[in-house]
Amino acid sequence: MFKHLFFVLIVICLVSFTISGCGEKAEVALSPLGKGINLSALEDGEKSDSYLDKEKTYKNIAKSGFDHIRLPVDFRNYSDGGGELDEKFLSRLEAIIKMANAEGLTVILDFHGWYNLNVGNGDDELFISIWKNLAESFKNIDSGIVFELINEPHTTEGGDLDAETLMELQCKTIEEIRRISPERTVIIALAEWNGPWMLKDFEMPDYDNIIVALHTYEPLEFTHQGQKWAGTDDVHMPLTEDMLEGLTGQLELIADYKKQSGNEVILSEFGVVTNGAISESDVEKYLSCITSFAEKNDIPWTYWEYNGSFGAYKEGFWGMRSGWQENVLNALIKAEE
Ligand code: BGC
-8 MFKHLFFVLI VICLVSFTIS GCGEKAEVAL SPLGKGINLS ALEDGEKSDS
42 YLDKEKTYKN IAKSGFDHIR LPVDFRNYSD GGGELDEKFL SRLEAIIKMA
92 NAEGLTVILD FHGWYNLNVG NGDDELFISI WKNLAESFKN IDSGIVFELI
142 NEPHTTEGGD LDAETLMELQ CKTIEEIRRI SPERTVIIAL AEWNGPWMLK
192 DFEMPDYDNI IVALHTYEPL EFTHQGQKWA GTDDVHMPLT EDMLEGLTGQ
242 LELIADYKKQ SGNEVILSEF GVVTNGAISE SDVEKYLSCI TSFAEKNDIP
292 WTYWEYNGSF GAYKEGFWGM RSGWQENVLN ALIKAEE
């Protein structure tokens, strides 16, 4: 009897040893993108970013019901003129990705800040080279990372990213990435700030595992009111039914596109200032309008943002009085359950 039991135990040990690969922690199975949150800092050298390096950030996010994070990064700040990425930065990024993945959170790496690059002047070479280096650096992490090629491209300020040029740039970039990482899921942008109104003339390029990113802050005067940095110090307005109608109109463009085309979409940015400029109940009502629409129409989303002026979570001084903004979390997660 004991001999049999011993034999069974040995077999169980051997099987689990083989599955988990020499006693290493088995890779956490990550779900497809559903509900996520933007971790803003690395797109802007002036923001405090130390919370990105703490395990507790990812535990906190996963525990609250999110399944992914989006990491906006201006990779130009961490690369040389040929697109080679700084080693120290890459190790930091890898540590962040691993901490997030260990909690079951997929990481969207978003190239933020270079919205007005000029392909005519050769900016595309650096852009593509950075993505090739990122693909190379993370080719061993499969489902845990998704690449979002470019954030809110638009044609002002000397750039030339009209819809056609942007699409050519993205296709070239996808091809280079896929040479290195054939399975990598890639999120592509729409011209004009990822605006849903651009969907009417949009043709999805013919690649597997592609998702289209949309953004909405409709109406901007409401979502960005009372902020010095946005030049809206003097703007103060309550939420109205007309505003919600306008917002729903944009969401319907996304839902209709998804239904008619069968293509995958993600609302990778939406949000509202949460630092007291808008009443808590208006914040909750505005965000619930988006999340319940998204739930009904099966649209994955990523809230802007975890901390900062649109923050869902407030980090108190020295960690004291830190916590989720209940009204924001209610609208994002609990209201849907
Ligand atoms: C920008 C942030 C801004 C947010 C809401 C993001 O794309 O990078 O600076 O706070 O949009 O406007």
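Be aware that the sequence shown starts at -8, since it is given in the numbering used here, and climbs by one per residue. Positions of the beta carbon are idealized from the N, C-alpha and C atoms, including for glycine.
Please determine, among the options, the residue with the shortest C-alpha to C-alpha distance to residue i.
i, options, result
"D225", "H215, P196, N109", "H215"
"P144", "G135, Q241, W105", "W105"
"E34", "R67, E194, W188", "R67"
"L205", "R61, V256, S82, K250", "V256"
"S270", "G240, C280, N92, P229", "P229"
"D133", "I88, S272, G299", "I88"
"A221", "K250, S300, N109", "S300"
"R61", "E286, P210, N142", "N142"
"V98", "L21, D44, Y248", "L21"
"P187", "E286, L152, Y248", "Y248"
"L339", "E46, G113, N92, G74", "Given that the chain is displayed from residue -8 to residue 328, the structure contains no residue 339 and the question cannot be resolved."
"N254", "L81, F193, L152", "F193"
"A285", "K45, A268, L242, K250", "L242"
"K47", "A268, A93, C162", "A93"
"E209", "G240, K219, K191", "G240"
"A335", "N51, P63, G113, K45", "Residue 335 cannot be examined here, being either before or after the span of the chain that is shown, -8 to 328."
"A268", "K219, G36, S252", "K219"
"Q251", "K191, W309, S272", "K191"
"N109", "L152, L244, N131", "L152"
Can you tell me whether residue i sits near the ligand BGC, meaning its C-beta is under 6 Å from at least one heavy atom of the ligand?
i, result
"W188", "no"
"W122", "no"
"W295", "yes"
Given residue i, which residues of its chain have a CB within under 6 Å of its CB, disregarding the five upstream and five downstream residues?
i, result
"S313", "E306, G307"
"P291", "L24, G25, I257"
"F129", "I136"
"K16", "Since pLDDT at K16 reaches only 40, below the 50 mark, its modelled position is unreliable, and no value is offered."
"E127", "I171"
"L117", "G74"
Spatial neighbours of residue i within its chain, please: C-beta separation below 7 Å, excluding the five flanking residues on both sides.
i, result
"E317", "none"
"V319", "T265, V274, L278, A303"
"A322", "E275, L278, S279, T282"
"D40", "A32, L33"
"Y69", "L76, D77, F80"
"G36", "N68"
For a quick check, are the C-beta atoms of residue i and residue j less than 7 Å apart?
i, j, result
"S259", "T293", "yes"
"G217", "H227", "yes"
"D65", "H103", "yes"
"D111", "D58", "The question names Asp, but residue 111 is Gly in the sequence shown. Result no, Cβ atoms of G111 and D58 do not sit closer than 7 Å."
"M234", "F213", "yes"
"L140", "I179", "yes"
"L84", "A53", "no"
"L100", "F138", "yes"
"I119", "E174", "no"
"N185", "A246", "no"
"M90", "Y49", "yes"
"L160", "D115", "yes"
To which residues of the same chain is residue i closer than 8 Å at the C-beta, ignoring the five residues directly before and after it?
i, result
"I165", "L140, V177, I179, P196, Y198, I201"
"M189", "A154, L181, A182, E183"
"S55", "W315, L320, I324"
"E296", "I28, N29, L30, S31, G262, G302, A303"
"V2", "Here the model assigns V2 a pLDDT of 44, short of 50, so the residue's position is not dependable and the matter cannot be decided."
"K123", "G74, E167, I168, I171"
"K38", "S31, A32, G299"
"I121", "F66, R67, S70, G74, L76, F102"
"K163", "D115, I119"
"M223", "This sequence places Thr at residue 223; Met is not what is there. Excluding residues within five positions, the ones whose Cβ falls inside 8 Å are E212, H215, Q216, G217."
"G51", "Note that residue 51 is Asn in the sequence shown, not Gly. The answer, listed in chain order, is Y304."
Considering only heavy atoms of the ligand FMN, does any lie closer than 6 Å to the CB of residue i?
i, result
"S252", "Among the ligands in the structure shown, the ligand FMN does not appear; only the ligand BGC can be found there."
Nearest chain D C-beta to residue i closer than 7 Å, yes or no?
i, result
"D199", "The structure shown contains no chain D; it holds only a single protein chain."
For the segment 167 to 208, list the alpha helix (DSSP H) runs that are entirely contained and at least 4 residues long, ordered along the chain.
182 to 185
Secondary structure, alpha helix (DSSP H): runs of 4+ residues fully inside the segment 39 to 126
46 to 54, 78 to 93
Taking the runs of the alpha helix (DSSP H) that are 4 residues or longer, which of them lie wholly in the segment 236 to 312?
271 to 287
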